[in-house]
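In UniProt numbering, the protein residues as written are 1 to 288.
Each residue gets a CB set at the ideal place from its N, CA and C atoms; glycine is no exception.
A short write-up of the structure that comes next.
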Amino acid sequence: MTTRESHVRDGESHVRDGESHGRDGEFHVRRRPEPYWLLSDALAMTGRTFRHLARSPEQLMLTLFLPVALLLMFRYLFGGAIDTGDVSYVNYVVAGIIAVSVTFNSTITSVAVREDLQEGIVERFRSMPVHAGAVLVGHVAAGLARNLVSVAVMVGVGLAVGFRPVADLGGWLAALGLLALFALAVAWIAAILGLLAKTVEGASGMSMPLVFVPYVSSAFVPPSTMPDVLRVFAENQPVTLVVDTVRALLVGLPADRAGVAVLWWLAILLVVVPLGGVLFRRAAVGQR
């Protein structure tokens, strides 16, 4: 009878066929290609993250509640007092609220990564035929998916309160692509914060500065209305580049800094992905 035994050695996945397989009595080893191995295991981990989230839907509802509340508050309480030139305030603020929803969602990723480390889940997976990076990539992928859902919710609520985009299909795809790049980088940053934290509470607290970065940008008011030092920072920080570009693409303004926005977030991604991998390996080894 043929049996199968799976194990992990030197960063590779091996599948052994049973002893009766072959005349020489030796095991025959088949290796899964590295990209396929990582992708399949990461998809499984992403599904695991969503199943955990389904058992506590209030966590997701909370991360959606704040951006929706902010949109309604700025639309109906403060919008009439803020001068945004030729663009109506609701058309101006929706792109900023989307950025806030992305960073606010990052707290879930930070906490989930820390929980897996604290509860010994990562160490358990290390003893199984699971790709070493699948757990971390799964959390990041789940964070990206949550953020894309959040973007859809914010656009829907925006349309309900007067947001009137004029973008064609190309404009929507370009805006969505930039938001996906932004959300992916933010998810990696959030995962890193979860790896650096010592407790679940610490992970939540460490992600708070990330949540507030969009507030010091062009998300809610034009930077030209800010004090000089704050204005210089707000005009040139990477979240402003995303907000301005998405806003321009959706409401028909010139997207002059779209290339700069893409380069900024690609550069951030090129830093945080390998850094996250290094920190995850160290954290996993530290559990042993």
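Exercise. Apart from the five residues on each side of it in sequence, which residues of its chain come closer than 6 Å, Cβ to Cβ, to G25?
Worked result: In the sequence shown, the residue the question calls residue 25 occupies position 25. Here the model assigns G25 a pLDDT of 45, short of 50, so the residue's position is not dependable and the matter cannot be decided.
Problem set entry | For D116, the first and last residue of its enclosing alpha helix (DSSP H) | What you label residue 116 is simply residue 116 of the sequence shown in a count that begins at 1. Unbroken alpha helix (DSSP H) run through D116: Y89 to Q118.
Exercise. What's the C-alpha gap between T225 and R282?
Worked result: To locate residue 225, count along the sequence shown from 1; it is residue 225. To locate residue 282, count along the sequence shown from 1; it is residue 282. Cα-Cα distance, rounded: 45 Å.
For this session: Give the C-beta separation of G96 and Y89 to the nearest angstrom, bearing in mind that I take them to be a contact with Cβ-Cβ under 8 Å.
Result: Here residue 96 refers to the residue found at position 96 of the sequence shown. Here residue 89 refers to the residue found at position 89 of the sequence shown. The Cβ separation is near 11 Å, so there is no contact.
Problem set entry | Per-residue DSSP class, three states only, for D83 | In the sequence shown, counting from the first residue as 1, residue 83 sits at position 83. Correct three-state label for D83: coil.
For this session: Leaving aside the five residues before and after G158 along the sequence, list all residues of the same chain whose C-beta is less than 6 Å from its C-beta, in chain order.
Result: Your numbering for residue 158 matches position 158 in the sequence shown. V94, listed in sequence order.
Exercise. Who are the Cβ neighbours of D256 in its own chain at under 8 Å, not counting the five residues just before and after it?
Worked result: Counting from 1 along the sequence shown, the entry for residue 256 is found at position 256. These residues qualify, in order along the chain: A248.
Problem set entry | Assigned secondary structure, V151 (DSSP; H/G/I helix, E/B strand, else coil) | By 1-based counting over the sequence shown, the position of residue 151 is 151. Correct three-state label for V151: helix.
For this session: Note the first and the last residue of the continuous alpha helix (DSSP H) segment covering residue 315.
Result: Residue 315 lies beyond the range of the chain shown here (1 to 288); nothing can be said about it.
Exercise. Does the beta-carbon distance from F182 to V242 come in below 9 Å?
Worked result: The residue given as residue 182 occupies position 182 in the sequence shown. The residue given as residue 242 occupies position 242 in the sequence shown. Taking 9 Å as the Cβ cut-off, F182 and V242 qualify as a contacting pair.
Problem set entry | Beta-carbon separation (whole angstroms), H143 vs A180, contact threshold 8 Å | For the purposes of this step, residue 143 is taken as residue 143 along the sequence shown, with counting starting at 1. For the purposes of this step, residue 180 is taken as residue 180 along the sequence shown, with counting starting at 1. Contrary to the premise, residue 143 reads as Gly rather than His in this sequence. Actually they do not touch by this definition, with Cβ atoms about 12 Å apart.
Problem set entry | Residue from A261, T63 and A134 whose Cα sits closest to the Cα of N236 | Against the sequence shown, residue 236 aligns to sequence position 236. Of the candidates A261, T63 and A134, the one whose C-alpha sits nearest the C-alpha of N236 is A261.
Exercise. Using CA coordinates, which residue listed in D86, A175, L193 and F220 is at the minimum distance from L275?
Worked result: Here residue 275 refers to the residue found at position 275 when the sequence shown is read from its first residue. Residue L193 is the option with its Cα nearest to L275.
Exercise. Does the Cβ-Cβ distance between L263 and L184 come in under 9 Å?
Worked result: Taking the sequence shown and counting its residues from 1, one reaches residue 263 at position 263. Taking the sequence shown and counting its residues from 1, one reaches residue 184 at position 184. For L263 and L184, no; Cβs fall outside 9 Å.
Exercise. Does the separation of the CB atoms of A174 and A258 fall below 9 Å?
Worked result: Here residue 174 is taken as the residue at index 174 of the sequence shown, counted from 1. Here residue 258 is taken as the residue at index 258 of the sequence shown, counted from 1. Yes, they are a contact pair.
Exercise. Mind checking whether M189 and V272 have CB atoms under 9 Å apart?
Worked result: Position 189 of the sequence shown, counted from the first residue, corresponds to residue 189. Position 272 of the sequence shown, counted from the first residue, corresponds to residue 272. Looking at the sequence itself, residue 189 is Ile, so the reference to Met does not match. Closer than 9 Å, so yes.
Problem set entry | Candidates P214, Q118 and L279: closest to F104 by CA position | Position 104 of the sequence shown, counted from the first residue, corresponds to residue 104. The option with the nearest alpha carbon to F104 is P214.
For this session: Reducing DSSP to helix, strand and coil, say where S204 ends up.
Result: Against the sequence shown, residue 204 aligns to sequence position 204. Three-state DSSP puts S204 in a helix.
For this session: Output yes or no for whether 9 Å exceeds the beta carbon distance between V137 and D116.
Result: Locating residue 137 in the sequence shown gives position 137, counting from the first residue. Locating residue 116 in the sequence shown gives position 116, counting from the first residue. Not a contact, by the Cβ cut-off of 9 Å.
Problem set entry | Residue nearest to V153 in terms of C-alpha spacing, selected from A69, T245 and F212 | Position 153 of the sequence shown, counted from the first residue, corresponds to residue 153. Checked all of A69, T245 and F212; the closest Cα to V153 is A69.
Problem set entry | Helix, strand or coil at T240 according to DSSP, with G and I counted as helix | On the sequence shown, residue 240 is found 240 positions in, with the first residue counted as 1. Residue state, collapsed to three classes: helix.
Problem set entry | Reduced DSSP secondary structure (H/G/I, E/B, other) of F220 | Locating residue 220 in the sequence shown gives position 220, counting from the first residue. Residue state, collapsed to three classes: coil.
For this session: Kindly indicate which three-state DSSP category P57 falls into: helix, strand or coil?
Result: Here the question's residue 57 lines up with position 57 in the sequence shown. The answer is helix: DSSP assigns P57 an H, G or I state.
For this session: Check V166 in the structure and name its three-state DSSP category.
Result: Sequence index remark: in the sequence shown, residue 166 carries index 166 (1-based). It is coil, neither helix nor strand.
For this session: Keeping to the same chain, check which residues put their C-beta closer than 8 Å to that of Q118; ignore five residues upstream and five downstream.
Result: If you number the sequence shown from 1, residue 118 lands on position 118. If we look at Q118 and ignore the five residues flanking it on each side, its Cβ neighbours are T199 and V200.
Problem set entry | Buried/exposed call for P67, threshold 16 Cβ in 10 Å | Start at 1 with the first residue of the sequence shown, and residue 67 comes out as number 67. P67 is buried by the Cβ-count criterion.
For this session: From the DSSP output, in three-state form, read off R257 for me.
Result: In the sequence shown, the residue the question calls residue 257 occupies position 257. Looking at R257 - three-state DSSP - the assignment turns out to be coil, as it is neither helix nor strand.
Exercise. Assuming A191 and T63 make a contact with CB atoms under 8 Å, what is their CB distance in whole Å?
Worked result: For the purposes of this step, residue 191 is taken as the residue at position 191 of the sequence shown. For the purposes of this step, residue 63 is taken as the residue at position 63 of the sequence shown. A191 to T63, Cβ: 16 Å. No contact.
Exercise. What separation, rounded to the nearest whole angstrom, lies between the Cα atoms of L210 and L253?
Worked result: By one-based count along the sequence shown, residue 210 stands at place 210. By one-based count along the sequence shown, residue 253 stands at place 253. Cα-Cα distance, rounded: 28 Å.
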